[in-house]
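Counting the sequence shown from 1 gives a position; the working numbering is that position plus 37.
Written below as structure tokens is the structure these notes are about.
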Amino acid sequence: MEKGTSFLFSGITFDKKKFAADFSRFKEKKESDDLVESGKSEAEEGARPVKKRKRKATVADPVEGFNVFKTSKSSAQGIQQNDQEKSELSQAKKELNRQIERDALLRKKHKIHISGNNVPSPLENFSELSSRYGCESYLLHNLAELGFKEPTPIQRQAIPVLLSGRECFACAPTGSGKTLAFVCPMLMKLKHASKDGIRAVILCPTRELAAQTARESKKLAKGKKFYIKLLTKELLRSGDISKLPCDILISTPLRLRSAIRKKKLDLSRVEYLVLDESDKLFELGLVKQIDAVVKACSNPSIIRSLFSATLPDFVEELARTIMHDAVRVIIGRKNSASELIKQKLVFAGSEEGKLLALRQSFAESLNPPILLFVQSKERAKELYTELAFDDIRVDVIHADLSQSQRENAVDDFRAGKTWVLIATDVIARGMDFKGINCVINYDFPDSPAAYIHRIGRSGRAGRTGEAITIYTEDDVPFLRNIANVMAASGCEVPSWIMALPKLKWKKHRPQRDSISTKPKDQKE
């Protein structure tokens, strides 16, 4: 470069003194440029190993997330992972849809109708109590010992609902296994006995039903030390009940409210409250007593449930006032009878004709055990006298009898010593008479709900049964309401009855003539 410069500018001299200031400026710039060049080369020499190390670090430790320099291998792994997640999500959705379809088919098969949010799947068999909910072996053993091979429709849906912690009001035909439907999940959730106080309460409309529920509960709890107590007069007299070990307390509303008022028990720890035969509880004018019990059960996490054979609108409205996010479970049609019961109507014309029709029916075929319903205790006594005269093994239960007398009458009936048992609606409500072949409505039922409960004494636990309703001219205007129940259960009903106007009636309890055939001067 210097040679070229001297050749081009040969013969030319540069007066440094004259242009000293300019010359010094050019000289400084050149020196600074030289320094920059040398610094740059040194920086490049020093940076080479650093850059090399950074590249190694980038390859060895890739940064998670978005990276424009991501290798093709890592991109492929990310795509593969996304595809796998999408596949798993798709499989989960397919399985969920399959489960929804299975649930729908099972409910349709067993005529289970539900309403509510996120209702759990129904049970396919009792073994699912263990696989889905961790049921202990003692309970499964007791179910098998008691002859429960397959869950009934109400048990299939109500048990999962209660085990999931949801409140429930359920309507199913009489004899369909409602007691097991609420006692089984109660025992599973309570798990073991405790001395911390009453943890579950079951309300029943009558003492007989309460005693029966206590017996069935103890059978299911066999092998596990649960304290299951029936609230009796003797127990109330014993003093402070709250000091006694009790896991499950079974009572009528009147007796339980009396104990609450006397401060003999504490219900603040109750986890489960069941209203059995809830429609009858409300019909009997026990709303205030039930309200007192509901208030006393002040545990904020309490689970309430209502079970009944009928579900009138007013009962459903009352239920919604005390329940939260409840699941509604109805088996078959609302307010319908079991399809296993053969129902028929018999016209007798008058009260005198009813006794003749009954005697003729017994003469043609007496197929005990038979449960015979009348509308009052006075008529029960009269009919008992008439049938006893006919040398029929008959007995009667009514409110004038003592508790022990009623229990003896029921025990003889269950043992087969008595062929025909005469009863009123209130006394027989909810009582489980196994193996009843026939129910006879000697007096026309006072409401469709009463009719359903009466005939539901037969056709229990999968057995077939028969129901005969005797009616007179005075009962004809109310036939259509009963005929609707019969038609809904698949029974044949004469067309002229279905053509009758449907009356809006709550109670049909006419003043009837005496059943007794004694001369008037011999009657008491």
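Ideal Cβ placement from N, Cα and C applies to all residues, glycine included.
Please read these numbers as outputs of a predicted model, since none were measured by experiment.
Straight across, the Cα-Cα distance linking residue 417 with residue 196 is about 39 Å.
Counting every other CB atom within 10 Å of its CB across the protein chains shown gives residue 183 a total below 16, marking it as exposed. The residue from 245, 252 and 265 with its alpha-carbon nearest to that of residue 237 is 265. Between residue 478 and residue 506, the C-beta gap is smaller than 9 Å, which places the two residues in contact.
If you check the CB distance, residue 317 and residue 345 come in under 9 Å.
DSSP, read as helix, strand or coil, puts residue 205 in strand. For residue 444, the enclosing alpha helix (DSSP H) covers residues 440–452. According to DSSP, residue pairing for residue 333 in a beta bridge does not occur. Take the alpha-carbon of residue 517 and the one of residue 274: they are about 49 Å apart.
Inter-residue distance for residue 211 and residue 488 is about 11 Å (C-alpha atoms, whole angstroms). In the DSSP annotation of this structure, residue 552 is not part of any beta strand (DSSP E), being labelled neither H nor E. Under the DSSP assignment, residue 353 falls in the alpha helix (DSSP H) whose first and last residues are 350–359.
DSSP places residue 216 in the helix class (H, G or I) of the three-state scheme.
A straight line joining the alpha-carbon of residue 554 with that of residue 351 spans about 41 Å. When the five nearest sequence neighbours on each side are left out, the beta carbons in the same chain lying within less than 6 Å of the beta carbon of residue 323 are those of 290, in order along the chain. The beta strand (DSSP E) runs of length 3 or more contained entirely in the segment 227–279 are, from start to end of the chain, 237–240 and 265–267. If you look at residue 309, you'll find it in the beta strand (DSSP E) that goes 309–313.
Bridge partners of residue 475 according to DSSP: 407 and 503.
Of the residues assessed, residue 365 falls on the buried side of the cut-off, its CB having 16 or more other CB atoms within 10 angstroms. In summary, residue 235 is buried, with 16 or more beta-carbon neighbours lying within 10 Å of its beta-carbon over all protein chains present.
Within the model, the alpha-carbon separation for residue 192 versus residue 150 is close to 13 Å.
Between residue 530 and residue 520 the beta-carbon gap is near 5 Å, inside 8 Å, which marks them as a contact. Looking from the CA of residue 282, the closest CA among 299, 295, 245 and 262 belongs to 262.
Going by beta carbons, residue 143 and residue 163 fall outside the 9 Å limit.
Judged by DSSP secondary structure, residue 457 falls within the beta strand (DSSP E) whose first and last residues are 457–460.
Taking a contact as a CB-CB distance under 8 Å, the pair residue 227 and residue 284 counts as one, their CB atoms being some 6 Å apart. Taking a C-beta distance under 9 Å as the contact criterion, residue 386 and residue 509 qualify as a contact pair. For residue 398, there is no enclosing beta strand (DSSP E); the enclosing alpha helix (DSSP H) covers residues 388–401. Pairing residue 293 with residue 240 gives a Cβ-Cβ distance under 9 Å. DSSP assignment within the segment 135–204 yields the following whole alpha helix (DSSP H) runs of 4 residues or more, N-terminal first: 165–170, 174–182 and 190–200.
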